[in-house]
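And the structure:
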């Protein structure tokens, strides 16, 4: 029987609607809030080295966020966004990938780029938009990116990375496709993970990106960070269905929901998702549930739209502490040593901050470079005119005046 | 050389690209087996496989998002938007993403591999939504290149240059000329440099400037002018962004007069940018105000299309106004 409408061929004679919440999607949880593997749960295979790298990444990001939030309040940087409460979601998912898998993040995933090796100095150079910033001082703080670390530079418009991840992952799959049969000739070497929030999932790009990934078989792991709030808008004013996961099923995508404050659940789910993507050449969706313990950004104050009681309820399920308790129970971590290391990290962060804030701003040339591969004539002309103007009024442009050749 | 219409010429440029890059992909609505609603991609799926020439779901923002990702990966991404009138759902992906990819990352990443092909313009009884010329919206965006060919030879050479250029390029194809314009086109590969206008006919009294399908209109107007004893210099701008100020200014310094013509509405059309720049570059050489002969500030009409379009008679009237000023 032909099926031009591409649907389940399943005829019913009863007038019956399917409930909007018919799926009732469960949340995978492996670790208890006290760091014990729960009854009936299976901990993923994870070696000590990886586990400690996940922990040290989360620990570093917690301390970096604390210090840089403070630096913004002191007026030393213009803006900052913390990962508070979502460290396990971001770190453990990145840890389940290959080092050269592509990461396309939204903006709150600094733990993923640090897991890959983005250094303290590199963080600081970006945050202070100085001349050593890989992004040449062009974007607001926290818009990190690194080609070497396979981490696409953050773009402020929400959700734009979602269909891009579909296209990028299609490129990763291309060389594995047999021209005649259209089948995979081998396991796909690399995949793309795409992070976004439950708010961004309301953007048109979300629908476009997921639908195209399903249709074209792009090996993307769509990682929805449902943290309860899009700035001040709570999730119940964002959508009516069963979270973001239900939509994955709607697009015909294998989907799982995990406790995003549970590093082991996130690691296990992402590992399994990656396996599906590389073996089948298809997208997978993970919805991870955590609570944004901090504000949206330094420009936001959650006290106006949520209660202290609600915040207190989630403070107890701190993802960093939960994973730490598990590590202690494995005898893989020494608490006294951990405290000493934290102190050292705090000192390093402060020292790096003091260095980066004194590094000069990018040169004037970086205003006009990279608009095109080479400046077009009209822009070159504008640049020459600007240089002449700055030379005429050097006192008004102290950042660049002294460095114009 | 072979006789080709513009669709054959475009198909040939795409074919060469697909043969050249094993990872180049062509995608858009109906571009697969069907070969696109205008058949620009005919035969390419059979030749290069369904994984490299494929239909996408009906989502322009998705097509451009996908294209940006594929281009960033390093594969030539040849995206088709079925009609330029439908490019607007992709506006964010083009303006905020394609155009800013290199700049915002400090050149860590770029989408120089991206080429967007889209048919534009009127003359096919397409009404509001199959006739627009949206080049000016994109010309306001640093980071993009914009190209419009006038005939099959130009279409193939400019499209190959657009594809090879290491910046995102929007290639507007004059759909009215797809089959109407036929000419000699080399079967082998060649490119025409982007950002360079072409003086098609030298003249001494007045400069006429246009691009794409509007070229044949100003040529007709020049014919009328010649009969009235007026010698027109005719220039095809070819690239809207970057545009060749030097060639246009040189011509206007010689003739002292300029008429710019485009189908898009006059207000904030690209003719405004040209007029502003040329009055600055050529101020002391101008004998009359720069004339713009463009679409009216209305949506593109249907029944009254003939009244709306900047036809040869309107251009001729502008030439006379300029000469008699």
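Residue numbers (full-length UniProt numbering), protein chains in the order written: chain Y, 1 to 405; chain D, 1 to 325.
Think of the CB as a built atom: it goes at the ideal place given N, C-alpha and C, for glycine as much as any other residue.
All values derive from a computational prediction rather than experimental measurement.
Report task. Output the distance between the C-alpha atoms of residue 137/Y and residue 334/Y, rounded to the nearest integer angstrom. Result -> When rounded, the distance between both Cα atoms is 40 angstroms.
Query raised in the report: When the cut-off is 8 angstroms and only beta carbons count, does residue 135/D lie next to chain Y?
Result: By the rule that beta-carbons nearer than 8 angstroms mark a contact, residue 135/D does not touch chain Y.
Query raised in the report: Along chain D, which residues have their Cβ under 8 angstroms away from the Cβ of residue 441/Y?
Result: Residue 441/Y is absent from the model: chain Y starts at 1 and stops at 405.
**Report entry** Given 8 angstroms, three or more beta-carbon pairs between the stretch 201 to 219 of chain Y and the stretch 50 to 66 of chain D
**Finding:** The stretch 201 to 219 of chain Y is in contact with the stretch 50 to 66 of chain D.
Requested in this report: State the start and end residues of the unbroken alpha helix (DSSP H) segment that holds residue 44/D.
Outcome: Per DSSP, residue 44/D belongs to the alpha helix (DSSP H) from 44 to 48.
Requested in this report: May I have the straight-line CA-CA distance separating residue 224/D from residue 7/D, to the nearest angstrom?
Outcome: Going by the C-alpha atoms only, they are around 30 angstroms apart.
Requested in this report: Taking residue 157/Y as the query, report the chain D residues whose CB atoms sit under 8 angstroms from its CB, ordered along the chain.
Outcome: Against residue 157/Y, the close residues of chain D are 92, 96 and 97, in the order they occur along the chain (beta-carbon pairs closer than 8 angstroms).
Report task. Measure how close the beta-carbons of residue 309/D and residue 122/D come, nearest whole angstrom, since I'm counting them as under 8 angstroms. Result -> Between residue 122/D and residue 309/D the Cβ distance is about 6 angstroms, and since that is below 8 angstroms, they are a contact.
Report task. Using three-state DSSP, classify residue 128/D as helix, strand or coil. Result -> If DSSP states are grouped into helix, strand and coil, residue 128/D belongs with the helices.
Requested in this report: For the beta strand (DSSP E) containing residue 80/D, list its first residue and its last residue.
Outcome: Membership of residue 80/D in the beta strand (DSSP E) is indicated by the continuous run 77 to 80.
Requested in this report: Identify whether residue 234/Y lies in helix, strand or coil by the three-state DSSP scheme.
Outcome: DSSP places residue 234/Y within a strand segment (E or B) once states are collapsed to three.
**Report entry** Extent of the continuous alpha helix (DSSP H) run through residue 95/Y
**Finding:** Element bounds for residue 95/Y: 87 to 95.
Query raised in the report: Quick one: is residue 376/Y near chain D, going by C-beta distance under 8 angstroms?
Result: A Cβ of chain D is located within less than 8 angstroms of the beta carbon of residue 376/Y.
Requested in this report: Verify the CB distance criterion: does residue 371/Y have a CB-CB separation below 8 angstroms to chain D?
Outcome: Answer yes: the Cβ-Cβ gap between residue 371/Y and chain D drops below 8 angstroms somewhere.
Query raised in the report: Run through DSSP, which three-state label would residue 55/D get?
Result: Here residue 55/D carries a strand assignment [DSSP, helix/strand/coil].
**Report entry** Cβ-based burial, residue 392/Y [other Cβ within 10 Å; buried from 16]
**Finding:** It counts as exposed.
Query raised in the report: Would you say residue 70/D faces chain Y, with C-beta separation under 8 angstroms as the test?
Result: By this cut-off, residue 70/D is an interface position.
Query - Beta-carbon spacing of residue 151/Y, residue 88/Y below 8 angstroms - result: No.
**Report entry** Segments assigned alpha helix (DSSP H), at least 4 residues, entirely inside the stretch 344 to 390 of chain Y
**Finding:** Qualifying alpha helix (DSSP H) stretches, in chain order: 365 to 368.
Query raised in the report: Would residue 5/D count as contacting chain Y if we go by Cβ distances under 8 angstroms?
Result: Under the Cβ criterion of 8 angstroms, residue 5/D is not counted among the residues facing chain Y.
Query - Spatial neighbours of residue 70/D in its chain, beta-carbon cut-off 7 angstroms, leaving aside the 5 residues before and after - result: 25 and 77.
Report task. Could you check if residue 248/Y is buried or exposed, using at least 16 other CB atoms within 10 Å of its CB as the buried criterion? Result -> By the beta-carbon neighbour count (other beta carbons within 10 angstroms, threshold 16), residue 248/Y is buried.
Report task. Give a yes or no on whether 8 angstroms exceeds the smallest Cβ distance from residue 280/Y to chain D. Result -> So no, residue 280/Y is outside the interface.
Query - Residues from the stretch 99 to 115 of chain D in contact with chain A, defined by Cβ distance under 7 angstroms - result: Protein chains Y and D are contained in the structure displayed, whereas chain A is not.
Query raised in the report: Could you check where the beta strand (DSSP E) with residue 137/Y kicks off and where it finishes?
Result: Looking at the DSSP string, residue 137/Y is not in any beta strand (DSSP E), and its letter there is neither H nor E.
Query raised in the report: What residue range is occupied by the uninterrupted alpha helix (DSSP H) comprising residue 160/D?
Result: Where residue 160/D is concerned, the enclosing alpha helix (DSSP H) stretches over 152 to 164.
Query raised in the report: The alpha helix (DSSP H) spanning residue 73/Y covers which residue range?
Result: In the DSSP annotation of this structure, the continuous segment of the alpha helix (DSSP H) that includes residue 73/Y starts and ends at 48 to 73.
Report task. Please work out which residues of its chain come closer than 6 angstroms, Cβ to Cβ, to residue 109/Y, disregarding the five sequence neighbours upstream and downstream, and give them in chain order. Result -> Beyond the five residues adjoining it in sequence on each side, residue 109/Y comes within less than 6 angstroms, by CB distance, of 90 and 195 in the same chain, given in chain order.
Requested in this report: Compare the C-beta of residue 56/D with all C-beta atoms of chain Y and state if any pair is closer than 8 angstroms.
Outcome: Judged by the 8 angstroms Cβ criterion, residue 56/D is in contact with chain Y.
Requested in this report: Decide if residue 93/Y is buried, meaning its Cβ has at least 16 other Cβ atoms within 10 Å, or exposed.
Outcome: Counting other Cβ atoms within 10 Å of its Cβ, residue 93/Y reaches 16 or more and is therefore classed as buried.
Requested in this report: Using a Cβ-Cβ cut-off of 8 angstroms, state whether residue 82/D counts as contacting chain Y.
Outcome: At least 8 angstroms separates the CB of residue 82/D from every CB of chain Y.
Query raised in the report: Quick one: what's residue 285/Y bridged to in DSSP?
Result: The partner list for residue 285/Y (beta bridge, DSSP) reads 222/Y and 255/Y.
Requested in this report: Kindly confirm or deny that the stretch 182 to 202 of chain D and the stretch 102 to 109 of chain D touch, where touching means at least three C-beta pairs closer than 8 angstroms.
Outcome: Because the criterion of three Cβ pairs below 8 angstroms is not met, the stretch 182 to 202 of chain D and the stretch 102 to 109 of chain D do not touch.
Query raised in the report: In terms of residue numbering, what span does the beta strand (DSSP E) encompassing residue 145/D cover?
Result: Element bounds for residue 145/D: 145 to 147.
**Report entry** Between the CA atoms of residue 266/Y and residue 103/Y - distance to the nearest angstrom
**Finding:** For residue 103/Y and residue 266/Y, the distance between alpha carbons rounds to 16 angstroms.
Query raised in the report: Which residue comes first and which comes last in the alpha helix (DSSP H) that contains residue 14/D?
Result: If you look at residue 14/D, you'll find it in the alpha helix (DSSP H) that goes 6 to 20.
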